[in-house]
């Protein structure tokens, strides 16, 4: 375990939803588990000028209670008293940021900290550039120790806005200081995809166009848009899920073997994949939007009936697309990405279809029935695991074949898996950028999808809530993997 | 399911141990399950001239009771009355066999059977040639329908005796009539080895010297020699297990893809393997003999203390050897065979070690610790299944690797597996020779081992009952797969 040096964890947007739901519980768990060492404090920063340390500690205690940490409330209170501080940046004037810088320095003196800082921007997209500028002008891009800036998605909402966001960040921070979080990369199963590929010789031998017929990546959500209409109406599935999570998974599946498990090497190979993807044609994209239906046996309204959504909205809540990584390894192998809200179940998986046996010696007359492809299913959530479907002889005579699975379940081997977000925060604290997305990756990813964002040739087809998507997805692929067991 | 035509099942050696333990229970189960159809009878034949149908039916009922078939004794009695007959061949004169032939014809008239016959020679090796001659001279090598001859192991005790046995059989029976039983080939798991190899494209791609480092085949018994000293003293592990069962498994692992799943094609490929094995050197063989120890927590005597065994016996109860299949697919890949009595547990498995990853990007400085080979374990008994060991990321940070298994258990998919012996008898009844050993295979297999049978350079090393064999086995292979979980 790398050691975490003494530090201040600064949260910009300290009263926000992400802070309450994710950041505070994750920092608390890391702190209590001891991996952060003893010398660290949290400085919450928001616009509310009426808060002080004491009232923010109450807010944090409330957040911890809501997070169901099975923590004793006295322990939590004690932790807050020792660790939590607050500072307002009010309207965000230069003077406000100057005061923030002074508060940070004062805390470092008080707690004898060497000036290492994590600054997490838990803010809406339109507040990021201004905050970065404010921090930078107040000198908070440098400190006596290290300063690391954590950015949360979305990283822009188009290629142009992503570029301008990167430029705004780079005005004050080196790319080596920046940690863009995609929480999918913090999942054990996702990291293990790299280990599975690069520590198992048999996998690497099969992992190419000679042996793979197609790849399908599915991230299905059962929830709708919850209270996020204002955000989602201007986002949609392509921006919200495909451009980041699904594209990251695609990169990990398709990338070449990096020269080492280092940030530079891994990012280099991911960018290479992104740049080798052939332009995606409008006819290779299917958008959908859920109409009223039933999920888990409960009636739910359609997207256009959700609070805050226009009754004529054309925002896509489902996206499926087909693309090609046009390099020596993958040319000709279709990659399918699929994501949607209000699907029957929450389910994320990567499915690799290996080639069919060329002939069947067991049923020479019936090729289709007799040769099924071997299918590798990497289940990301829930029920994390790996399954390799293979043909086996059914019991009895004569020889008939049936598909069974060689399977591995994480819970059998490791019990409960750690939280992805926690894992990533710890990586920031130890300065490991491997699982974070760099500027070039963000832009290369937007480059892929930018043309679709305003392409009216891509129709939005209705699908019933509780189904796996609109019928039109069958146009891309006749053989979508069924996530049902 | 192929239909079984009406027939007589003739058992030569009807009062023997094999008949009681295996044949009668298997025929009963097949009969009661309906797969043999309604028109079939059993004719038991032995030397006892004082038996008749009635007293043999009692003997059969007793055998069925002993076999724990969960059958109602009235059902069993009714079955015996309908199906079971007896005929003595006394001293085995021509007249005796002539009487047998007449009895068979009489039964066929009585039960309106078309003259299809299975003749099972459930006899000690030294009685086989004489019985075949008696049957042949009485015309029982042909009948108005088909006549099929079932031979039980051992098929000779050296190359010369195997040849002379084959000649004796062929004097009266065509090879197309002969079914040599190796009950290992009736196991579902063993048959499935062929399906696993030839119906799964990914397996075939890995199944060669490019990707396989070594193969280990282990058949471990926990029992000693039981009451079979007279047989075993003149046999030993090489004749009793290696020459037949282990060599058959080796053939199935190493064979090329046959042109079809037909007897001719499968046998052709197996013979090709046997003929491509390089001569086995004495230094590549280790023999052992158990001395007193403890198995499953019980004290057991050494081999030389067993009843009927010479106190100076040099018979091997353990054999391990290394060989090479010197063809394009396997040249340079060591195949290890290992079998023994009084091992810690009953355990049969085929283990294929795939190559190591050439480098580890996760632990560049520590190659040995970081790259383990992928290992495929086909468990034949007990707990039948397939396991593919692979490297996985341990939970947490930094990246450390651990071996886990992609696994498949037959019992999960299919429940209890059918009896191997039953499966093979049904194949004889339907005329399918695929899983039986032909004359050329027997001789090619003896050819491999003949030189070792009297090679005094091969020492017999003691090993403690309840261990996995003598320490000298480490000379052949430093990495024997541990059958322990």
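Protein chains in written order, with our numbering: chain R, 66 to 550; chain S, 66 to 550. Ideal Cβ positions, reconstructed from N, Cα and C, are used throughout, including at glycine. Everything numeric in this text was worked out from a predicted model, so none of it was measured.
- In the structure shown, the three-state DSSP call for residue 458 of chain S is strand.
- Against chain S, a Cβ distance below 7 angstroms from residue 420 of chain R picks out 266.
- For residue 212 of chain R, the enclosing beta strand (DSSP E) has its first and last residue at 212-217.
- In this chain, the beta strand (DSSP E) harbouring residue 278 of chain R covers 277-285.
- In the displayed model, residue 335 of chain R falls within a helix according to three-state DSSP.
- Classified as buried, residue 285 of chain R has 16 or more neighbouring CB atoms from the shown chains inside 10 Å of its CB.
- Between residue 280 of chain R and residue 321 of chain R, the alpha-carbon positions lie close to 16 angstroms from each other.
- Shortest Cα-Cα distance from residue 293 of chain S to any of S/275, S/382, S/345 and S/117 involves S/382.
- Under DSSP, the beta-bridge partners assigned to residue 387 of chain R are R/401.
- The beta carbon of residue 309 of chain R is closer than 6 angstroms to those of 218 and 247 in its chain, skipping five residues each way along the sequence.
- With a contact defined as Cβ atoms closer than 8 angstroms, residue 317 of chain R and residue 258 of chain R qualify at about 5 angstroms.
- Residue 403 of chain S is positioned such that its CB atom lies closer than 7 angstroms to that of residue 283 of chain S.
- In the displayed model, residue 513 of chain R falls within a helix according to three-state DSSP.
- When the beta-carbon positions are compared, residue 77 of chain S and residue 172 of chain S stay at least 7 angstroms from each other.
- When beta bridges are read from the DSSP output, residue 418 of chain R appears opposite R/279 and R/440.
- Contiguous alpha helix (DSSP H) elements confined to the region 85-173 of chain S occur at 89-98, 118-131 and 138-148, taking only those with 4 or more residues.
- The beta-carbon of residue 278 of chain R is placed no less than 7 angstroms from the nearest beta-carbon of chain S.
- Nearest CB-CB separation between residue 215 of chain S and chain R: not below the 7 angstroms threshold.
- In this structure, the straight-line span from the alpha carbon of residue 101 of chain R to that of residue 156 of chain R is close to 32 angstroms.
- Leaving aside the five residues that flank residue 204 of chain R on each side, the residues in its chain whose CB is nearer than 8 angstroms to its CB run, in chain order, 166.
- Near chain S, meaning a CB-to-CB distance below 7 angstroms, the residues of the region 462-487 of chain R are 462, 463, 464, 466, 469, 470, 471, 472, 473, 478, 479, 482 and 483.
- Among the residues facing chain R, residue 439 of chain S is included, as its CB has a counterpart in that chain under 7 angstroms away.
- Annotation: the continuous alpha helix (DSSP H) that includes residue 256 of chain S extends over 253-263.
- With 16 or more other Cβ atoms inside 10 Å of its own Cβ, residue 265 of chain R counts as buried.
- Scanning the region 189-241 of chain R from its first residue to its last, the whole beta strand (DSSP E) runs of 3-plus residues come out as 212-217.
- Cβ contact annotation for residue 453 of chain R (same chain, cutoff 7 angstroms, sequence separation greater than five): 439, 441, 470 and 471, in chain order.
- Leaving aside the five residues that flank residue 263 of chain R on each side, the residues in its chain whose CB is nearer than 6 angstroms to its CB run, in chain order, 322.
- Contact between residue 287 of chain R and residue 409 of chain R holds: CB atoms are separated by about 7 angstroms, below the 8 angstroms threshold.
- Our two residues, residue 138 of chain R and residue 126 of chain R, have alpha carbons roughly 8 angstroms apart in a direct line.
- Excluding five sequence positions before and after residue 525 of chain R, the CB atoms of its chain that fall closer than 6 angstroms to its own CB belong to 352, 354, 379 and 381, given in chain order.
- Non-local beta-carbon contacts of residue 148 of chain S in its own chain, meaning distances under 6 angstroms to residues more than five positions away in sequence, involve 106 and 107 in chain order.
- For residue 426 of chain S, at least one C-beta of chain R is nearer than 7 angstroms to its own C-beta.
- Burial state of residue 90 of chain R is buried, judged by a 10 Å Cβ sphere holding 16 or more other Cβ atoms.
- Of the candidates R/455, R/458, R/456 and R/451, R/451 places its Cα closest to the Cα of residue 455 of chain S.
- Not flagged as an interface residue toward chain S: residue 388 of chain R, since no C-beta distance is shorter than 7 angstroms.
- Residue 408 of chain S is bridged by DSSP to nothing; it lacks a bridge partner.
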